[in-house]
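Numbers given in this note's numbering equal positions in the sequence shown, counted from 1, plus 64. All C-beta atoms in this analysis are idealised placements derived from N, C-alpha and C, irrespective of residue type, glycine included. Here the structure comes first, spelled out in structure tokens, and everything after it is commentary.
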Amino acid sequence: MSMVVYTSSRSMTDGQVSELHARRALLPGGWASDVAIRIGPTGRIREVCVDVAATDGMDRVDTLLPGMPNAHSHAFQRAMAGRTEHNSPADDSFWGWREALYRFIDWLEPDDLRVIGRMAYLEMLEAGYTSVAEFHYLHRGRRREADVDCQTMAQLMLDAAQDVGIRISLLPTLYQFGGFGEKPATDGQLRFICSVNEFLDLLTQLQPRASERVALGIALHSLRAVSESGIQQVLDFRRTHDPMMPVHIHVAEQVREVEDCVTWSGQRPVEWLLRRKLIDARWCLVHATHISASEIAGIAETGAVVALCPTTEANLGDGFFPLQQFLESGGRIAVGSDSQVSISPVEE
Ligand SMILES: [Zn+2]
Numbered sequence: 065m066s067m068v069v070y071t072s073s074r075s076m077t078d079g080q081v082s083e084l085h086a087r088r089a090l091l092p093g094g095w096a097s098d099v100a101i102r103i104g105p106t107g108r109i110r111e112v113c114v115d116v117a118a119t120d121g122m123d124r125v126d127t128l129l130p131g132m133p134n135a136h137s138h139a140f141q142r143a144m145a146g147r148t149e150h151n152s153p154a155d156d157s158f159w160g161w162r163e164a165l166y167r168f169i170d171w172l173e174p175d176d177l178r179v180i181g182r183m184a185y186l187e188m189l190e191a192g193y194t195s196v197a198e199f200h201y202l203h204r205g206r207r208r209e210a211d212v213d214c215q216t217m218a219q220l221m222l223d224a225a226q227d228v229g230i231r232i233s234l235l236p237t238l239y240q241f242g243g244f245g246e247k248p249a250t251d252g253q254l255r256f257i258c259s260v261n262e263f264l265d266l267l268t269q270l271q272p273r274a275s276e277r278v279a280l281g282i283a284l285h286s287l288r289a290v291s292e293s294g295i296q297q298v299l300d301f302r303r304t305h306d307p308m309m310p311v312h313i314h315v316a317e318q319v320r321e322v323e324d325c326v327t328w329s330g331q332r333p334v335e336w337l338l339r340r341k342l343i344d345a346r347w348c349l350v351h352a353t354h355i356s357a358s359e360i361a362g363i364a365e366t367g368a369v370v371a372l373c374p375t376t377e378a379n380l381g382d383g384f385f386p387l388q389q390f391l392e393s394g395g396r397i398a399v400g401s402d403s404q405v406s407i408s409p410v411e412e
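Here it is, written out as structure tokens:
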């Protein structure tokens with residue numbers, strides 16, 4: 065089976081309509097065969113017909129998918145891809161990668177963020193992603209609180225998306241602490257820290273940029289990094305302002321993370337969220353890698369989406385998500401490029 069990202073061989077400015085023929089295509093009603101698509105001069109689809117034979121003059125592809133949403137991205141990490149992919153001691157893990165990430169961002173200037181973001185988003189468009197959920201937690205400049213504010217950093221991500229034309233759901237991230245039990249942030253984490261008030265200000269001030277191509281949502285970095293009262297305040301804000309606002313969270317990527325959560329609260333991370341009835345169908349649980357049978361059923365019942373990032377999860381040795389059991393329970397999934405070690409929905 066071949067899959068391609070389709071770009072018309074004709075110029076979109078010459079006023080012509082182009083026609084594309086796919087042997088099969090995924091349409092809103094499911095897979096269809098012999099699909100002809102007419103595309104207007106502005107690049108918008110005018111007409112889709114099924115059971116149509118290909119004719120001369122049509123561009124032809126084998127299998128056609130619609131533009132894919134990238135459900136989980138940290139665009140700045142594109143500039144780090146390849147820097148940790150080398151032979152390392154057997155006990156190397158996600159936690160070692162995280163230390164490398166902290167060292168990497170130590171030289172990252174705010175303006176770099178826009179440049180790297182543009183590059184990553186352009187590569188996403190080339191690969192077939194047409195929208196991106198940007199889980200944005202690099203809130204500060206190199207001199208921490210002293211120089212650049214959270215607003216500027218968030219606006220840079222929106223600018224980068226706008227520069228290349230990808231639709232974006234910007235998810236400013238609440239990141240209050242360095243570990244479970246409200247541990248203070250380490251030096252490496254200081255550029256991520258944002259109080260609840262700063263976070264709510266940030267969300268409010270970003271509202272004027274919302275448009276057809278820019279959506280805003282909420283990210284809670286992880287249960288490691290937020291307090292219960294912080295979560296409540298943010299969800300209260302959501303209830304008042306926009307109950308449909310999406311909420312994303314890194315939830316159970318690492319065995320140690322699950323163990324630390326049990327030590328802290330007596331519950332596993334997903335169990336902790338489910339017991340408090342916090343999750344609804346607008347939530348996206350990222351890396352729900354280590355979950356029990358009851359957590360699988362619990363997530364599926366809420367209608368929340370699990371964002372899988374297989375190339376990142378493989379690269380970091382996270383473990384395997386119980387995909388079959390989750391789908392059999394009626395669970396919903398999405399894919400994301402996360403650490404950008406690969407930018408390709410097909411590879412995911
Ligand atoms: Zn992530």
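Query                                                                                                                                                              : Result
From this set, C325, E377, D382, L280, which residue's C-alpha is nearest R346's C-alpha?                                                                          : L280
Going by C-alpha distance, which of P105, D156, A352, G205 is nearest A218?                                                                                        : G205
Once the 5 residues before and after S406 are set aside, which same chain residues still bring their CB inside 7 Å of it?                                          : T375
Put Q404 into one of helix, strand or coil per three-state DSSP.                                                                                                   : coil
Keeping to the same chain, check which residues put their C-beta closer than 6 Å to that of V99; ignore five residues upstream and five downstream.                : A86, A89, V114
Of the residues T353, V319, G362, S356, which one's Cα is nearest the Cα of K341?                                                                                  : G362
Could you round the C-beta distance between A368 and I397 to whole angstroms and report it? I think they count as a contact, below 8 Å.                            : About 10 Å separates the two Cβ atoms, so there is no contact after all.
Go through the stretch 316–343 residue by residue and report every complete run of the alpha helix (DSSP H) that reaches 4 residues or more, in order.             : 319–329, 333–339
Are there any heavy atoms of ligand 1 lying less than 7 Å away from the beta-carbon of V278, as far as the coordinates show?                                       : no
Can you name, in chain order, every residue of its own chain whose Cβ lies under 8 Å from the Cβ of V81, other than the five neighbours on each side?              : R102, I103, G104, P105, R110
Short check: CB of V298 to CB of V260, under 8 Å?                                                                                                                  : yes
What's the call for E392, buried or exposed, on a 16-neighbour Cβ count within 10 Å?                                                                               : exposed
Spatial neighbours of D382 within its chain, please: CB distance less than 7 Å, with the 5 preceding and 5 following residues excluded, ordered by chain position. : F158, E317, Q318, H351, T353
Less than 7 Å between the CB of H314 and some heavy atom of ligand 1, yes or no?                                                                                   : yes
Flag D155 as yes when its Cβ comes closer than 7 Å to any non-hydrogen atom of ligand 1, and as no otherwise.                                                      : no
Between which two residues does the alpha helix (DSSP H) holding M309 run?                                                                                         : Element bounds for M309: n/a, residue is neither H nor E.
Spatial neighbours of L222 within its chain, please: CB distance less than 7 Å, with the 5 preceding and 5 following residues excluded, ordered by chain position. : I232, L234, R273, V278
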